[in-house]
Each structure stands twice: as C-alpha cells, then as structure tokens.
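Protein chains: 2
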Amino acid sequence: MNDKSNILKYKHLGIYTQNENVAYMRKDCHVCISEGFEALTRIRISTLRSSIVGSLHVVSSEILQPGEIALSETAADKLKVTEGETLCVSHLEPIESLGLVRAKIYNQKLDYQAYKNIITDIIEGDYSNIHLSAFITACAGNRMDIDEIISLTKAMISSGKQLDWNKDIVVDKHCIGGLPGNRTTPIVVSIVAAYGFTMPKTSSRAITSPAGTADTMEVLTNVTLSPEEIKKVVEQEGGCFVWGGTAELSPADDILIKVEKALDIDSEGQLIASVLSKKAAAGATHVVIDIPVGKTAKVRNEEAALQLKEFMEVVGEAIGLKVKVVITDGTQPVGRGIGPNLEAVDVISVLKNEEKAPKDLRERSLALAGELFELSGKVAQGMGKSVAKEILDSGKAHKKFMAICTAQGRYSHPIVAPYHFEMHAPKCGTIKSINNRKIAKLAKLSGAPQSKTAGISINIRLNQEVEKGELLYILYAESEGELNYALEYYDNQEDIIEIE
Amino acid sequence: MNDKSNILKYKHLGIYTQNENVAYMRKDCHVCISEGFEALTRIRISTLRSSIVGSLHVVSSEILQPGEIALSETAADKLKVTEGETLCVSHLEPIESLGLVRAKIYNQKLDYQAYKNIITDIIEGDYSNIHLSAFITACAGNRMDIDEIISLTKAMISSGKQLDWNKDIVVDKHCIGGLPGNRTTPIVVSIVAAYGFTMPKTSSRAITSPAGTADTMEVLTNVTLSPEEIKKVVEQEGGCFVWGGTAELSPADDILIKVEKALDIDSEGQLIASVLSKKAAAGATHVVIDIPVGKTAKVRNEEAALQLKEFMEVVGEAIGLKVKVVITDGTQPVGRGIGPNLEAVDVISVLKNEEKAPKDLRERSLALAGELFELSGKVAQGMGKSVAKEILDSGKAHKKFMAICTAQGRYSHPIVAPYHFEMHAPKCGTIKSINNRKIAKLAKLSGAPQSKTAGISINIRLNQEVEKGELLYILYAESEGELNYALEYYDNQEDIIEIE
Chain A
2 MNDKSNILKY KHLGIYTQNE NVAYMRKDCH VCISEGFEAL TRIRISTLRS SIVGSLHVVS
62 SEILQPGEIA LSETAADKLK VTEGETLCVS HLEPIESLGL VRAKIYNQKL DYQAYKNIIT
122 DIIEGDYSNI HLSAFITACA GNRMDIDEII SLTKAMISSG KQLDWNKDIV VDKHCIGGLP
182 GNRTTPIVVS IVAAYGFTMP KTSSRAITSP AGTADTMEVL TNVTLSPEEI KKVVEQEGGC
242 FVWGGTAELS PADDILIKVE KALDIDSEGQ LIASVLSKKA AAGATHVVID IPVGKTAKVR
302 NEEAALQLKE FMEVVGEAIG LKVKVVITDG TQPVGRGIGP NLEAVDVISV LKNEEKAPKD
362 LRERSLALAG ELFELSGKVA QGMGKSVAKE ILDSGKAHKK FMAICTAQGR YSHPIVAPYH
422 FEMHAPKCGT IKSINNRKIA KLAKLSGAPQ SKTAGISINI RLNQEVEKGE LLYILYAESE
482 GELNYALEYY DNQEDIIEIE
Chain B
2 MNDKSNILKY KHLGIYTQNE NVAYMRKDCH VCISEGFEAL TRIRISTLRS SIVGSLHVVS
62 SEILQPGEIA LSETAADKLK VTEGETLCVS HLEPIESLGL VRAKIYNQKL DYQAYKNIIT
122 DIIEGDYSNI HLSAFITACA GNRMDIDEII SLTKAMISSG KQLDWNKDIV VDKHCIGGLP
182 GNRTTPIVVS IVAAYGFTMP KTSSRAITSP AGTADTMEVL TNVTLSPEEI KKVVEQEGGC
242 FVWGGTAELS PADDILIKVE KALDIDSEGQ LIASVLSKKA AAGATHVVID IPVGKTAKVR
302 NEEAALQLKE FMEVVGEAIG LKVKVVITDG TQPVGRGIGP NLEAVDVISV LKNEEKAPKD
362 LRERSLALAG ELFELSGKVA QGMGKSVAKE ILDSGKAHKK FMAICTAQGR YSHPIVAPYH
422 FEMHAPKCGT IKSINNRKIA KLAKLSGAPQ SKTAGISINI RLNQEVEKGE LLYILYAESE
482 GELNYALEYY DNQEDIIEIE
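Chains as they are written, first to last, in this note's numbering: chain A, 2 to 501; chain B, 2 to 501.
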C-alpha cells in the first residue's frame, strides 16, 4: 500500500458472484484514469493486511460516489474489509504460471514444478474463470500422461493442509460418480469405524450430479468442520463424514470443481489428482476405489475402467498409498432416492436394517467395507464381506453412525419436499433401460442439490415387469418453477426409462 | 413473456462488464426464490421484443428495491431496455451445443453441422466466458484437422453478413501477426485501389499485440462502418480500411477474440477460420497471406510456416478462394513505431514517400501489392512489384489513401503521447537481437492499444553498430501509472535488445 494516489474508500454494495473476485469502480475514478483501467482489467486490491486479485467492473451511475470502491461479497470476505476502510488498487503483476497453461494448451508436457506453480496461483485467486476453464480443458481428453497426473496430484497435496493420525492403517474409499443414488460412503464409514478402523472421510459436493456425499450428509448432520474439529470427531469415533472444502485439504480442487461444474466435465487427469490428493492429504494409507461401469454411467466401458484403474494404482503407489480399484455394475441408479434428502432416507434405512431398505445399496456397501477389511491385511481374503455384514446386521454400524453425527454437531431427520409429480408407466412390459444421465439431469432440473429435498424417488429396477399405469418414479421439488422446469425437460425426452 | 409471476422492473445501475451479460437481482427477490436462482445461474431475460442469456449476480443491499432487476450495460444495450420497463426472467433451456464442445474436449472430430450449431449459439450470446474459453482451448494445439478447420470456417462465414461486389476480381491480404509494427495493409490497399482493383479490407483489433490494423487506422479515420457504409466507400474508392467487428462479417470471431486475448493465445485452427472466413464474407476472390517467420514472431520456424501455408491454401480452395501464402522475414519489428499512433506515423511517411520513411515497411508493402497484382493474373509474373512501386512513387497511392479516409468520414493527423522515456545503449557494440515478444509486451504495458498514443518508437535495426548512450528506443504512455508499469517490467528483463 505504498502508492497514496491509488487509494479508494470501501463501500458495501452486497453483490454476490460466487468464487469470482470483482471490484467495482467509477468510470471517472482517478485511479481508472491514471492507471488506464477498464472493465475486466485484472487488478490487485490491497488492505494494510493482505491483498487479492480481481476483475474490474466499471460503474457509471451514482451507486458509487467519487473516491469509492466496492467489492463482490467473496472478495470483501477474503480481504475482511469494513465499510469506509481504505483500499489500494494497482496493476496486476504478470502471472508467470499462465505461460505454463499456454504451454499445456500447445501439448507440452509439464513437470511437478510447473503444476505446483499453477496450483499455487490458483489458490491465491490469481486465475480468472477464463484461465481456470482453459487449464481444465487443456488437461482433459487424455492430454495428461501418468507422470503429469502424479505431478499434479503431488502439487495438489502440498498445496493444502495434511492430516496425520499416527496410525499404521487409515482407510478411505471413493466412488467415481456417474451413478445416481450410489451413496455407500456413510454406511461404509459406519461399518469400518464400528470395527475399530480409522476412516477420516472427506467428500465433495456434487460436480455434475444431483448430489455429492457431502450434499447428502448435510441433510443429516453438519459437514463443514474445520481441520481441528475433524481431528476431534475422528479421534473420538474413528470416522467422520465431512465436506472436503472447509477441511482445507487440497484447496485447489474446490476452485477447479466449480468451473468443471459449469462445463459439465470431469476430466480423467484432474479426477485422479482430485481424488487421490484428497485421500493422501486426509492421511489415508489404504484406499478402495469403486468404478461403476455402464452405458450411461461416468465410465462407459470396461476398457476405460481398466485404464483408470491402472492410472489410479500407479499414481497411488507414487504418492505412497495402497490403492485397490474395484469395477462394479453401473447400469442403473442405486437405491431409490436421487437428490440429497431422498438419498439420506435410503442410507438411514440400510443402517437400520429396515425391511424396505434398498438391497443394492446394502450389498454395495457391504462389498466395499469388505474390500477395505481385506486390503488392510487385518481380515483374511474372502472374509471381508461377512465381517462387514455382521457389524451391519448387529446394529453396531447404525449406532456408530448416530455417534458420529452427534460428534459432528447434530442429527436431523430427512423431510419431504413440498411439490411432487408422479410418473406412471405408459404401457405394460419389462423395464429395458434406465438412463442414468437423463435421470440425473431431471433430478438436477428439479433443484437438486441446491434444493435439498428435491430429486427423484425411483420405484422400479431393470428387468422388472410393470403394469400400465404402475408408478415408475416420483419427482420432488421445492418450488413450482423448478418442478415445471424439470417437467418441460421430461416432455422432450423419449428414453429416460424404456419399457418393452 | 407468458409467465406473469416472473416479471421484474428494470432499474439502471450502469455497470459495464465488457461482453458479458449480467443480470442483478435481489437475493430475497420472489423470482430467485420461486425459480431457485442463485449467483452465476444462467438465465434468459426477455422484453416483449427480444431476449438474451446472462449470468446472475445476487444483490443483498438497497441498490435494488424489491421487484427490481438491473442489467450490465452490454445486456441493457442488446435488449434496448428503458428505466422502469418490465422484464421477464426464466430458467435457461439446456444449450445443446455445449455437448458438442464437450465432445471436442474429449478429442472427438466435429462436422460442419456441429461447428455451425456452436457458432450460432455463441453469436446468440448463450455461452459464458467459461464455455468460450473451453471451446477455444479444445480447438487449440493442433486439435482440429483440416476437415474441421474447413467446417469451422464455413460455419463462421454463414453466421454473418456476406458482401457481394459483382466483380471477377476482389483482392485482399492478411498478415499472420506477431511482428510489431508490420502495418502494410493501409499502404497495400491504397496502391491496389489506385490501380483500379477492388479491395474491401476489414481488419481486426489487436488480439495479443500492441496494435491491430483497425487500432492503427482508427487514429487516422473512422473504422467502425456499417455494411452499407462500407459498400458505399468501396464502390466509390475501390478500397477501405475498416474494423471487421461492426461490418457484421463473421461476428463469432469478435466474441472469440476477446477470450483469446484474455488467454493470450491465438490457435492455428481458429486463426485460419478467423482469417479466411472474414475474407470470404467480405467477398474476396484472391487473397495473399503474409507469414513472417522469426524466433520471436508468432510463427517461429519455416516448418510451422509451411504447415500453416498448406492449411491456408487447402481451406482457401475448399471455400472458393484463390490463396497465395508468402513467408517473410520475422526476425525484428517492422518500421519504427509500435502502437496505434506510432504505427500510423510510419504509414503516412511511406505513403508520402518521405526521406525518413522506414524502408522495410515500404519494401514489404510493395512486395505484397506486387503479389496481389500477379495472383490476379492481370499483371505478368515478375512485374507485380514494379507496377506497385510506380503507383507509390507517383503519389497516386497517397492520394487514394486520403480519398478513402475522407470517404470513411475524416482524416486526423497522429498526435504525440504526453509521457515518454528514452532507452539508451548501456554499451557500444552490434545489435545482435530484438525480442519481438518482449518489445510487444513493453508496448502493451505502456497502454497500447487502448491508449492510442502509447507504444514504442525504435531507433535501431538488427546488426547495426551503436555507441554507448545512443538512443535505442522511446517508450510512450498516456498516464504515469502505465509508464511506470512498463518500466517496472523493463527493469526485470535482460534481453529485450541484445548488444554484442
């Protein structure tokens, strides 16, 4: 803050722009004129304490007085600025790592230091959404080789906090999404923590799906815990279900995911780095990865799954993780619910061993918990699943689940959405296919995951016989607008569920 | 505008965001709540007359009253909305062509219809900057094959206005940038129009350079002419020098260029499509393309130039253009000036046949005009350049230049920037290298092309002997801030000009 002439007074305008830092300055502002700033110029904004980078939006009305500057809410929060405080603005020094992004766009291989520099600048907030989008795109479509994925993963691990549990075995699991309703995590954590293992599980919010595990668990308990709070919960209960974002593990990931969401892509290199960096930073030693394969799942065929499996295992080894990848059936949604609240209902039902609990969700959870037991070496090969089953059937897993929720601050029952619409079979026949992507889209259009209770509850399974008029699924929404919007999409689709 | 419940009243807030359409709505607005809108939601905003797509920014202060909506200046201009007018907002229908962009990211080959759909949606304004950046990146780094480049070029031609001159020969030229000061266009147009050819020249503004031809010509005359005005000028004078943006030729290009500028890349496929679509849409039949090659030019070696030459000629043939590519020396800047105003000074000097006129700019202009004469078939092979020389030396080219400027609405003399700084040789020796990229960057940091008179005037050439303290170049700026910013960059560079 050495240049007195570039000083402006902060005025609160309360404009929220998600992750983008925006500064608002008058067109006739002396700083704009003397510095040659115009709309979208990238500038540095400083208080006496810290500084951020942002894009300029230029104001020509009286919402700002001469000598005033406003900031988007995210930017104001980061700078912790108060009304009337003086801010200094200046030209942005060139961002050197953008040269590396350009090199990647032109197919050059980047090394660890290059990825480290890029990730560091991303966390600093120096990249605009245009830059982030270019970096993500340049890394997608198999444009990173295995060395690069390892480098990116290491760069992401070292960019954030790293937890250490002082245990020989710390287990974790991850499912490569794309399968609506596949919410095994809370069940697996409850089983293995009940067995006595440590499983400090952090999950993401939805990237391109109607719900991430963090979105679902947020219905039932607090998921935004600080690293200190996570430590306390895990040391007490052996496990947790928290959102990875506030855990400050691999923080670049959370920034990149927002842009991936806008693009609706989730590239393999970024995916591997994202998953494994989170596991390593959370202090895991043994990790099981579930890859569901199906025509309309994220991974569409065995070949792609095997490629991903190999990459995951090689990158895992390079960063010191014991990784086992299991390839599972991804031809239809798992459980009944799709959307945070509806999936939470399924999870509770399985944990309580209810008669109506979705069998597929139960079976998948037991299989994954079993794999973790076997991978750890503490349970003999072939015995993992029966150990898991015993813990679930005995009610110990449900007890552990409730204890973790309580340790995280609350347990809340799922509730029901105010609007719904039932879809019935237009003819009798056999359920021939369920399009995961279209079902997921329908759930998203109805408001999931922002609207927690929105989504879909599916009443049928593949190969099931249905009568004409039988209930296929129910669409839930929190507003009429969202319900109508989803129905509009539905009206234009032929093959969400095919009956033959 | 059928849904009455989504009606809001327009309030002018005067926020300018360049090309991005932004809508501002209160967080507690009934539409946000009923539709589930949040910050960055992409929405459709409609008047009774038309509609646009934009991103939402959410306001939590009193700059908007309940029931009000504001728009960024660009969005308000597009909708031609007036204070107090009612606007309707709704969810954005899914943008189908984004699926094609994702396919391209995953290395799929796209056909004409795919590029056509993408370009159509881009022109409609349906793509956010994140989407545009992903499309540009996915097409960069040799990721388009020749069929795709042809498809993209055709899609860009058909997306805008197309001029027709009812002539057998309509000539045009283009220089693949990267060489500061290489401002031959106004001179070539003046020579061939004086000869009697038709040359309806449209130029771009700078993408990654300190000045595009349109930026330079804007110093001297109006360059923002409507298609009707262009037609009038060309029919009267045989030539014009206008900005391609308002000419409505290949309008997608102008949107893509803004994002390429933020990324500081200019990919080969987009480059070829951009250049040739503009030529075809302007009604050209015979086109000469100049590719300067040099270690620090845009095209760095003969091999890359020959690849680009082949692509240009194949795409040209596919869209019915006779294209000749000439590869020229790109080892140092052309002329003296770099930046709109300083380049304009050089152009006028060559046209006036002044003693001090830069010889290299004169020679390059004559060579290119000569190539056009020969390509047309109207002048014998080997005779083109001497025909051009005769026209320039006779003063006919200068007379034609002034006539075209007058027809375009004005002729203004170049003026001098208020701030400057002289750079002197730190030692005696021979000029061993001039780094085009760093010289260009220095000129940009000093404010070019936004600040018209900013830039650099170079006093030396490659291989020239200099004394210690001899003037190397002068830095010009319109504000002290910009001058200091450029000098800060200068202080951290070693090899802008190497003396040995």
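C-beta: ideal position from N, C-alpha, C; glycine also.
To the nearest angstrom, how far is the alpha carbon of residue i from that of residue j?
i, j, result
"residue 374 (chain A)", "residue 63 (chain B)", "57 Å"
"residue 218 (chain B)", "residue 288 (chain B)", "21 Å"
"residue 513 (chain B)", "residue 25 (chain A)", "Nothing about residue 513 (chain B) can be read from this structure; chain B reaches only from 2 to 501."
"residue 378 (chain A)", "residue 299 (chain A)", "31 Å"
"residue 83 (chain A)", "residue 61 (chain B)", "16 Å"
"residue 152 (chain B)", "residue 485 (chain B)", "46 Å"
"residue 261 (chain B)", "residue 133 (chain B)", "9 Å"
"residue 104 (chain B)", "residue 145 (chain B)", "13 Å"
"residue 439 (chain A)", "residue 139 (chain B)", "25 Å"
"residue 1 (chain B)", "residue 256 (chain B)", "There is simply no residue 1 (chain B) to check, as chain B begins at 2 and stops at 501 in what is shown."
"residue 333 (chain B)", "residue 16 (chain B)", "42 Å"
"residue 247 (chain A)", "residue 10 (chain A)", "31 Å"
"residue 425 (chain B)", "residue 489 (chain B)", "16 Å"
"residue 479 (chain A)", "residue 324 (chain A)", "40 Å"
"residue 350 (chain B)", "residue 405 (chain B)", "17 Å"
"residue 275 (chain B)", "residue 493 (chain A)", "36 Å"
"residue 412 (chain B)", "residue 394 (chain B)", "21 Å"
"residue 309 (chain A)", "residue 269 (chain A)", "8 Å"
"residue 437 (chain B)", "residue 297 (chain B)", "5 Å"
"residue 407 (chain A)", "residue 122 (chain B)", "50 Å"
Thinking C-beta only, is residue j closer than 8 Å to residue i?
i, j, result
"residue 371 (chain B)", "residue 389 (chain B)", "yes"
"residue 215 (chain B)", "residue 205 (chain B)", "yes"
"residue 329 (chain B)", "residue 365 (chain B)", "yes"
"residue 154 (chain A)", "residue 273 (chain A)", "yes"
"residue 286 (chain B)", "residue 235 (chain B)", "no"
"residue 314 (chain B)", "residue 326 (chain B)", "yes"
"residue 263 (chain A)", "residue 129 (chain B)", "yes"
"residue 228 (chain A)", "residue 124 (chain A)", "no"
"residue 423 (chain B)", "residue 459 (chain B)", "no"
"residue 202 (chain A)", "residue 240 (chain A)", "yes"
"residue 340 (chain A)", "residue 195 (chain A)", "no"
"residue 320 (chain B)", "residue 177 (chain B)", "no"
"residue 117 (chain A)", "residue 156 (chain A)", "yes"
"residue 161 (chain A)", "residue 54 (chain A)", "no"
"residue 137 (chain B)", "residue 271 (chain B)", "yes"
"residue 369 (chain A)", "residue 291 (chain A)", "yes"
"residue 38 (chain A)", "residue 46 (chain A)", "no"
"residue 23 (chain B)", "residue 73 (chain B)", "yes"
"residue 284 (chain B)", "residue 165 (chain B)", "yes"
"residue 147 (chain A)", "residue 312 (chain A)", "yes"
"residue 75 (chain B)", "residue 21 (chain B)", "yes"
Who does residue i pair with in a DSSP beta bridge?
i, result
"residue 415 (chain B)", "DSSP output for residue 415 (chain B) lists no bridge partner at all."
"residue 287 (chain A)", "A:172, A:323"
"residue 10 (chain B)", "B:69, B:87"
"residue 244 (chain A)", "A:204"
"residue 136 (chain A)", "Answer by DSSP bridge pairing: none, since residue 136 (chain A) is not bridged."
"residue 52 (chain B)", "B:47"
"residue 234 (chain B)", "Paired residue(s): none; residue 234 (chain B) is not in a bridge."
"residue 486 (chain B)", "Answer is none; residue 486 (chain B) lacks a bridge partner."
Under 8 Å, with one C-beta from each stretch per pair, do the region 96-105 of chain A and the region 220-234 of chain A reach the 3-pair mark? no
Give, in chain order, every unbroken run of the alpha helix (DSSP H) that is at least 4 residues long and sits entirely within the region 301-371 of chain A. 303-319, 341-352
Whole alpha helix (DSSP H) elements within the region 102-126 of chain A, 4-residue minimum: 113-125
Three Cβ pairs or more, each shorter than 8 Å: is that satisfied between the region 418-436 of chain B and the region 451-464 of chain B? yes
What residue ranges within the region 387-460 of chain B form continuous beta strand (DSSP E) runs of no fewer than 3 residues, ordered along the chain? 420-425, 430-435, 456-459
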